[in-house]
Structure formats: C-alpha cells, structure tokens
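Per numbering that gives the first Met the number 0, the very first residue in the sequence shown carries number 0; after that it's consecutive. By construction, the Cβ of each residue, glycine as well, lies at the ideal position given by its N, Cα and C atoms. Taking it in order: structure first as structure tokens, then the write-up.
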Amino acid sequence: MSKYSENMPPVLKDAIGWMFDYIKDDCTFLDFGCSTGYFGSLVKQAKHAAVYGVEISDDIKQARKVLDGVYSFDIDGEWPAEIYERQYDYIFFGDVIEHLKDPQLAIEKCKKLLRKDGLLFISTPNVAHISVRLELLGGNFEYESMGILDNTHLKYWTKRSLTSMVQAAGYSLKSLDYTSNDYPDTVIKKLLKQNGLEPNEKFWKTVNSPEARAFQFKLVLSPEAQTAKPADFKPVDKPEAIRNAAIDDLNTKVHNLDEHAKEQAKIIQYYVDKTKELEAQLQARRHPIHRISSHLKHKD
0 MSKYSENMPP VLKDAIGWMF DYIKDDCTFL DFGCSTGYFG SLVKQAKHAA
50 VYGVEISDDI KQARKVLDGV YSFDIDGEWP AEIYERQYDY IFFGDVIEHL
100 KDPQLAIEKC KKLLRKDGLL FISTPNVAHI SVRLELLGGN FEYESMGILD
150 NTHLKYWTKR SLTSMVQAAG YSLKSLDYTS NDYPDTVIKK LLKQNGLEPN
200 EKFWKTVNSP EARAFQFKLV LSPEAQTAKP ADFKPVDKPE AIRNAAIDDL
250 NTKVHNLDEH AKEQAKIIQY YVDKTKELEA QLQARRHPIH RISSHLKHKD
C-alpha cells in the first residue's frame with residue numbers, strides 16, 4: 000500500500016471537493032495515480048460516473064475492486080495503446096505531476112484522451128510556501144516523508160512556473176485556486192530573528208500573498224491553447240542574473256577606464272615626444288651662436 004493512501008485525511012471531500020462543481024453527472028473520469036480508488040469511488044457515487052484509474056503500486060488491487068478499470072504503467076514511459084480506446088470528460092492528476100520526470104509531456108499526451116469540452120484537474124504543492132522560504136533562508140532544504148518536500152518529488156512548482164508549464168502544454172487556465180495551512184506570524188518572526196532579520200511592512204505584504212501562503216495549487220484546465228499570457232506574467236529578475244549583470248557592468252567600466260587610460264597615455268606620450276623634439280630644435284639653434292661667439296673670442 001502506498002504511503003499516500005495510508006495518510007489520506009479523514010475528510011476526503013474537503014480535499015477534492017473543489018472539483019465537484021465542475022463534474023457533471025453520467026460522465027467518464029480518469030484518475031492518474033488513483034491509489035486504492037478512494038477518490039474515484041466518491042466520484043462514482045456522487046456523479047454516477049464511469050471512473051478509470053492509472054496506478055503502479057500494490058494499491059491497484061484494491062482500486063480494481065471499486066473502479067470501472069485500472070491501467071498499470073509508468074506515466075514517464077510508453078503509454079499502452081488501450082488507454083487511447085476511449086475519451087474522458089475529466090482527467091485528474093492529484094499530487095502526481097511533482098513525481099514525474101516530464102510532467103509537461105504527460106499532460107500533453109492527455110489531450111488525446113480528453114474530450115474537446117473536457118477538463119483537466121491538477122493539484123500540486125507550492126515550493127514557494129513561506130515554510131520553504133524560511134528553511135532556505137536558514138541555509139536548509141531537508142526532504143521529508145510527506146508534504147511539500149516529499150522525498151519522492153522530482154519537480155517543484157511556483158504559481159508562475161506551474162502556469163507557464165500548463166500553457167506550454169497547450170492548455171488554457173480556467174481556474175487557479177489553492178489550499179493553505181496556518182503559519183503563525185510569531186513563528187515567522189522567531190525564524191527571521193535567528194537569521195538577524197526584522198520584518199517590515201513590505202515583507203509582511205509579500206509573505207501574506209497567495210504565492211507565499213499557498214500550500215497546494217488547484218488548477219482547472221481546458222484543452223484549448225491559451226495564446227495570451229496573464230497580465231502579471233512579467234520577466235523574473237533572478238538573483239544570479241542580477242549578480243552576473245553587475246559583474247558584466249563592472250567589467251565594462253574597467254575596460255572603458257583601461258581604454259581611456261591607453262588613450263591618455265598616447266596623448267601624454269605625444270606631448271613628451273613633442274617636448275623632446277622642441278628641446279632638440281632649441282639646442283640646435285643654440286650651438287651656432289656658441290660657435291660664433293667662441294670664434295670671435297679666439298680671433299681677438
């Protein structure tokens with residue numbers, strides 16, 4: 000049995016109820032990473048749906064007892080031909096894409112499985128959660144058995160990178176919501192103080208934003224490509240890029256100073272040479288006068 004089915008929260012519907020308003024009765028539903036079929040069985044009962052799953056752990060035995068069919072294959076590998084034998088009204092990746100080597104390719108493949116007016120649901124953790132930010136501030140990034148830093152996660156997402164990925168896969172974003180968990184301000188202040196920092200108004204505005212408080216993102220996607228990027232999708236100034244730009248700027252300034260010094264050196268050398276030339280000319284003019292004066296003295 001997988002660790003996820005063993006640790007499923009008691010009130011399951013609270014965790015997946017956000018999808019129910021979108022799901023129509025008498026539909027077809029495909030659940031990637033269906034585990035024991037606990038969620039799929041809820042959809043079957045509530046929506047009178049035909050529910051299928053994809054699972055490779057031992058949970059597949061239980062899933063096959065409660066679902067209409069279960070496929071067993073590695074999502075990162077070749078998909079069996081039989082999965083393409085039907086199309087689905089809804090497809091769900093519930094905390095799955097973070098475990099994949101190539102999640103974008105996986106959801107691109109789903110466009111062949113999804114009806115034109117169907118929907119793709121995705122839930123995945125937010126690596127930009129305040130807890131992770133504070134951990135990194137302390138110089139740590141420790142994996143855990145569960146949670147955002149689950150030791151089986153291969154990919155990590157922020158709101159921005161997740162939105163970018165699904166759009167690159169050819170989907171349009173119908174809804175992006177999130178779940179949050181409480182993280183007391185007193186704890187934040189304590190951890191900041193340990194690192195010699197004091198929070199200000201701008202800091203609290205940042206950490207109270209959805210991007211910092213979201214524990215898990217919940218996406219509803221349509222298989223129609225979204226050509227326009229969201230209005231807030233602006234280029235990110237990465238710290239490494241800022242550092243490199245500063246170094247490049249400094250190198251440019253040093254180069255310009257060096258070139259300027261070389262030009263000044265040429266000018267100085269010109270005047271040094273000119274001075275020597277003038278001194279030589281002046282000396283040449285003095286020599287005839289000296290010879291005439293010496294001749295006159297000798298004659299006398």
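Three-pair Cβ contact test at 8 Å for the segment 127-138 versus the segment 197-204:
no
Report back the beta-carbon spacing between L191 and E197 to the nearest angstrom; my notes put them in contact at under 8 Å.
On the sequence shown, residue 191 is found 192 positions in, with the first residue counted as 1. On the sequence shown, residue 197 is found 198 positions in, with the first residue counted as 1. Confirmed, Cβ separation roughly 7 Å.
Complete runs of the alpha helix (DSSP H) confined to the segment 109-149 [at least 4 residues]:
129-136
Pick helix, strand or coil for G16, following the three-state DSSP scheme.
As a working note, residue 16 is residue 17 in the sequence shown. Looking at G16 - three-state DSSP - the assignment turns out to be helix.
Find the nearest neighbour of Q193 within the set E276, A105, L133 and F92, judged by alpha-carbon distance.
Indexing the sequence shown from 1 puts residue 193 at position 194. Of E276, A105, L133 and F92, the residue nearest in Cα terms is L133.
Should the segment 241-261 be called in touch with the segment 204-220, which here means at least 3 C-beta pairs below 8 Å?
no
Indicate whether F31 and F91 have their beta-carbon atoms separated by less than 8 Å.
If you number the sequence shown from 1, residue 31 lands on position 32. If you number the sequence shown from 1, residue 91 lands on position 92. In contact: F31 and F91 (Cβ atoms closer than 8 Å).
Local Cβ density within 10 Å of A48, reported as buried at 16 or more and exposed below that:
On the sequence shown, position 49 is the one that residue 48 refers to. Flag for A48 reads buried.
Extent of the continuous alpha helix (DSSP H) run through F38:
Taking the sequence shown and counting its residues from 1, the one referred to as residue 38 is at position 39. It spans Y37 to K46 - the alpha helix (DSSP H) in which F38 sits, taken as one unbroken run.
Mind checking H254: buried by the 16 CB within 10 Å criterion, or exposed?
Numbered from 1 along the sequence shown, position 255 holds the residue referred to as residue 254. Classification of H254: exposed, given that the 10 Å Cβ count is below 16.
Pair every Cβ in the segment 121-133 with every Cβ in the segment 66-86, then say whether three or more of these pairs are closer than 8 Å.
no
Rounded to the nearest angstrom, what separates K111 and G195 at their Cα positions?
On the sequence shown, residue 111 is found 112 positions in, with the first residue counted as 1. On the sequence shown, residue 195 is found 196 positions in, with the first residue counted as 1. One C-alpha to the other measures close to 53 Å.
Going along the chain, which residues of its own chain have a beta-carbon closer than 8 Å to the beta-carbon of F120, five neighbours each way excluded?
One-based indexing of the sequence shown puts residue 120 at position 121. Closer than 8 Å at Cβ, skipping near neighbours: M18, Y21, Y89, I90, F91, F92, G93, K217, L218, V219 and L220.
Exposed unless 16 or more other CB atoms sit within 10 angstroms - verdict on D58
Sequence index remark: in the sequence shown, residue 58 carries index 59 (1-based). Burial call: buried.
Check the C-beta distance from A80 over to C33 and give it rounded, since I have them as a contact under 8 Å.
For this step, residue 80 is matched to residue 81 along the sequence shown. For this step, residue 33 is matched to residue 34 along the sequence shown. In fact, because the Cβ distance is near 20 Å, the residues do not count as touching under 8 Å.
S122: buried (16+ other C-beta within 10 angstroms of its C-beta) or exposed?
Taking the sequence shown and counting its residues from 1, one reaches residue 122 at position 123. Buried, by the Cβ-count rule.
Reducing DSSP to helix, strand and coil, say where L277 ends up.
On the sequence shown, position 278 is the one that residue 277 refers to. It is helical.
Under the three-state DSSP convention, the category F31 falls into:
In the sequence shown, the residue the question calls residue 31 occupies position 32. In this structure, F31 counts as strand in the three-state DSSP scheme.
Assign K2 to buried or exposed, taking buried as 16 or more other Cβ atoms, counted over all protein chains shown, within 10 Å of its Cβ.
Here residue 2 refers to the residue found at position 3 when the sequence shown is read from its first residue. At K2 the pLDDT is 49, less than 50, meaning the model places this residue with poor confidence; the figure from the coordinates comes in the next sentence. Classification of K2: exposed, given that the 10 Å Cβ count is below 16.
Are the segment 95-115 and the segment 162-170 touching, with three or more C-beta to C-beta distances below 8 Å?
yes
Run the CB neighbour count on E5, radius 10 Å, all protein chains shown included, and call it buried at 16 or more, exposed below.
What you label residue 5 is simply residue 6 of the sequence shown in a count that begins at 1. Here the model assigns E5 a pLDDT of 48, short of 50, so the residue's position is not dependable, and the following value carries that caveat. Looking at its Cβ environment, which holds fewer than 16 other Cβ atoms inside 10 Å, E5 is exposed.
Buried versus exposed call for I74 [16 or more other C-beta atoms within 10 Å across all chains shown]:
To locate residue 74, count along the sequence shown from 1; it is residue 75. Classification for I74: buried.
Could you name the residues of the same chain whose beta carbon sits closer than 6 Å to that of I15, not counting the 5 residues immediately before and after it, in chain order?
As a position in the sequence shown, residue 15 is number 16, starting the count at 1. The answer, listed in chain order, is F38.
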